[in-house]
Every structure is written in structure tokens, then in C-alpha cells.
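Novice: Here it is, the structure in full.
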Amino acid sequence: MPMDRQPRRSAGATSQVWPSGGRHLWPSGGASAEQSHARGHLVYAAGGVLTVHTEHATWIVPANRVAWTPAGFTHRHRAHGETDMRIVFLPPSLARLVPDRPAVFQASGLAREVLLALTRPRDHDGAAPGHNRSARTRLLRVLVDELREAPEQPLHLPEPRDDRLRAVARRLSENPADNATLAELGRTVGAGARTLSRLFRDELGMTFYEWRTQLRIHHALVLLADGHDTVRTAHACGWANPSGFIAAFTAVVGTTPGRYRAARLPAT
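Residue numbers (the working numbering): 43 to 310.
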């Protein structure tokens, strides 16, 4: 299993790290190098938006979600907007209770408060103020129990392997507002719409429409984190009118774009 590797921090990032977790304050666009850890860890964006990248997929982590990365998974983080990133490592006895693959969960109010309590500024001996070892163990158990009750969130974007799908993904990633049909896209990559449709289902486990909507929601979360308003974000991500964007965003994220922007103030 890969050992922990200390990532290279982007200029402008400030970090406080201890054996059980840490806190990183990222400027917009800040990113880590690829890394892996001997223990699985939870990541929470108390403010801003994070993306977690692996070779297989990208997970988006807005401020009302928690991302889980199991031990040994090579990954990197990127911040969108000024981001307050909290990290909590889980001991193996608790890690076995959550999925053995990366996942994103909705953060309940209790889970959020526990994450913040576990990642508050450290005192001189490295322990959270008022938290002895047994208290921390109890808090970790509460946190894992909350995550086990929370549904996994559809906030991952699988990475295609087929060269034709990669070409389609690259084009739409560069311009999420591109409304080309699957047949039109197929003509540019040398594949029919039926072939591409089958590849989306077989490789990525979703339809082309579902994948493109997920891609657009990812871009929308980034734009909102950077301060863009709902109307501008809707048009930049391919929706002809804001109402359609609001409906799609709410269905995936669980809140409207306006409420999401209002809730993005960093926590303490």
C-alpha cells in the first residue's frame, strides 16, 4: 500500500497539519500534487468548492458535502473559490464501515459540526482544545454513523477510456455550453450516435444526457464559487433559461444556486 506522500502546496495556501487530520486554506485555483495515504480520509469544504481527482473519475465537493477517499487511492485536490478545506483521517476500524471506493456524501448538520470540531485550531500538544483521545474517538464514531445514514451523492464524473469518448469529453469540458447532439459529436470523432450512446452506458454507467448534465453542474459549482451569478452561470453552462438550470442544479445539489451561493461563507 502506498505510504503518505507530502503534497506540494500551491503558493498562497496556508496549512495546519497534525497526525489525525488538518486544515488547508486555499486560494482559488490552488491545487495539491498527486498523493496517496496509508489511511483513508474525509475531506470537507467548510467554504468554497473542492474537486477530488483520481485516474478514474472526478468528484465535486461543494460546501454541503463530504468526500471520502480510501487508503491507497492516488488523488489530488483543487480549490475553486477561496476554499477552507478540512481533513479527517479515519482509523482502519472505522474506515471499514464506509465504502472501499471514493464517494461523496451529504453533510448533515451534525456531521458538519463534528467535522468542524475535529479540525479546529490545535493547542500546543497537537490535541483539539477540550478533546482528549476518548472524546475524539466518540466524535469519529458519531461522524461515521452520520455518513452511513447519508445517501451517496451523484457528484462524480467518470473518466472515459475510449479515445472517441475522450474526444467528446474534452470538447464539452472546454465549452460546457456546446449544445451539439450526440450524432453531431459523433461525426467529429468518427463514431455513430448509437456507438457513442452504448459507450457512455458501458464505460461510464450513465446516458450521454446524464453525463453532460453532470459535467455542466460541475462547471456551474465552480463558476458559482468564483462569484458568478445564477443567470450568467446558466448561460455559460448551456441552459437557455435560468429556470431550467435552477431545476437541474437543485435536483443534483439539493438546493438552489442562489441559496448555495449564500451558504458559501467560510466556517470558523
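Just so you know, even glycine gets a beta-carbon here, dropped at the ideal spot from N, CA and C.
No experiment lies behind these values; they were computed from the predicted model shown.
What separation, rounded to the nearest whole angstrom, lies between the Cα atoms of residue 151 and residue 215?
Specialist: Here residue 151 is taken as the residue at index 109 of the sequence shown, counted from 1. Here residue 215 is taken as the residue at index 173 of the sequence shown, counted from 1. C-alpha separation (whole angstroms): 33 Å.
Novice: Tell me whether the beta-carbon of residue 112 lies closer than 8 Å to the beta-carbon of residue 80.
Specialist: Counting from one through the sequence shown, the residue named residue 112 turns up at place 70. Counting from one through the sequence shown, the residue named residue 80 turns up at place 38. Not in contact: residue 112 and residue 80 (Cβ atoms no closer than 8 Å).
Novice: Take residue 262 as the anchor and find which of 294, 238, 127 has the nearest alpha-carbon.
Specialist: Your numbering for residue 262 matches position 220 in the sequence shown. Nearest C-alpha to residue 262 among 294, 238, 127: 294.
Novice: Roughly how many angstroms separate the alpha carbons of residue 296 and residue 233, rounded to a whole number?
Specialist: The sequence position of residue 296 within the sequence shown is 254, counting from 1. The sequence position of residue 233 within the sequence shown is 191, counting from 1. In a straight line, the C-alpha of residue 296 is about 36 Å away from that of residue 233.
Novice: Alpha carbons only, please: which of 91, 118, 176, 181 is nearest the one belonging to residue 267?
Specialist: If you number the sequence shown from 1, residue 267 lands on position 225. Of the candidates 91, 118, 176, 181, the one whose C-alpha sits nearest the C-alpha of residue 267 is 91.
Novice: For the beta strand (DSSP E) containing residue 58, list its first residue and its last residue.
Specialist: By 1-based counting over the sequence shown, the position of residue 58 is 16. Its beta strand (DSSP E) spans residues 56 to 60.
Novice: According to DSSP, is residue 262 part of a helix, a strand, or is it coil?
Specialist: Counting from 1 along the sequence shown, the entry for residue 262 is found at position 220. In the structure shown, residue 262 sits in a helix (DSSP, three-state: H, G or I).
Novice: Where does residue 285 land, buried or exposed, given buried means 16+ other C-beta within 10 angstroms?
Specialist: Numbered from its first residue, the sequence shown carries residue 285 at position 243. Exposed is the call here.
Novice: Please state if the CB of residue 157 and the CB of residue 182 are separated by a distance shorter than 8 Å.
Specialist: Locating residue 182 in the sequence shown gives position 140, counting from the first residue. Locating residue 157 in the sequence shown gives position 115, counting from the first residue. In this structure, residue 157 does not lie closer than 8 Å to residue 182 by Cβ.
Novice: Between which two residues does the alpha helix (DSSP H) carrying residue 277 extend?
Specialist: As a first step, residue 277 must be located in the sequence shown, where it is residue number 235. First-last of the alpha helix (DSSP H) with residue 277: 272 to 278.
Novice: Using the Cα positions of residue 118 and residue 72, report the straight-line distance between them to the nearest angstrom.
Specialist: For the purposes of this step, residue 118 is identified with residue 76 of the sequence shown, where counting begins at 1. For the purposes of this step, residue 72 is identified with residue 30 of the sequence shown, where counting begins at 1. Approximately 11 Å, taken between the alpha carbons.
Novice: Put residue 199 into one of helix, strand or coil per three-state DSSP.
Specialist: Translated into the one-based positions of the sequence shown, residue 199 becomes position 157. In the structure shown, residue 199 sits in a strand (DSSP, three-state: E or B).
Novice: Please confirm if the segment 197 to 211 is in contact with the segment 244 to 263, defined as three or more CB-CB distances below 8 Å between the two stretches.
Specialist: yes
Novice: Once DSSP output is grouped into helix, strand and coil, what is the label at residue 194?
Specialist: Position 152 of the sequence shown, counted from the start, is the residue given in the question as residue 194. Looking at residue 194 - three-state DSSP - the assignment turns out to be strand.
Novice: Pick out whichever of 74, 287, 88, 63 has its Cα sitting closest to the Cα of residue 124.
Specialist: In the sequence shown, the residue the question calls residue 124 occupies position 82. Among 74, 287, 88, 63, the Cα nearest to that of residue 124 belongs to 88.
Novice: Excluding the 5 residues preceding and the 5 following residue 274 in the sequence, name in chain order all residues of the same chain whose CB lies nearer than 6 Å to its CB.
Specialist: Indexing the sequence shown from 1 puts residue 274 at position 232. So no residue of the chain qualifies.
Novice: Opposite residue 95 in the DSSP bridges: which residues?
Specialist: One-based indexing of the sequence shown puts residue 95 at position 53. For residue 95, which the question treats as bridged, DSSP gives the partners 100, 118.
Novice: Which of the three DSSP states, helix, strand or coil, is assigned to residue 72?
Specialist: Indexing the sequence shown from 1 puts residue 72 at position 30. Coil, per DSSP.
Novice: In the DSSP output, which residue or residues are listed as bridge partners for residue 67?
Specialist: As a first step, residue 67 is located in the sequence shown; it is residue number 25 there, counting from the start. Per DSSP, 56, 126.
Novice: Tell me the rounded alpha-carbon separation between residue 94 and residue 129.
Specialist: For this step, residue 94 is matched to residue 52 along the sequence shown. For this step, residue 129 is matched to residue 87 along the sequence shown. One C-alpha to the other measures close to 13 Å.
Novice: Are the beta-carbon atoms of residue 153 and residue 108 separated by less than 8 Å?
Specialist: If you number the sequence shown from 1, residue 153 lands on position 111. If you number the sequence shown from 1, residue 108 lands on position 66. Yes; because the gap between Cβ atoms is below 8 Å, this pair is in contact.
Novice: For residue 84, which residues from the same chain have a beta carbon less than 6 Å from its beta carbon, with the 5 sequence-adjacent residues on both sides left out?
Specialist: Within the sequence shown, numbered from 1, the residue matching residue 84 stands at position 42. Answer for residue 84: 108, 110, 130, listed in chain order.
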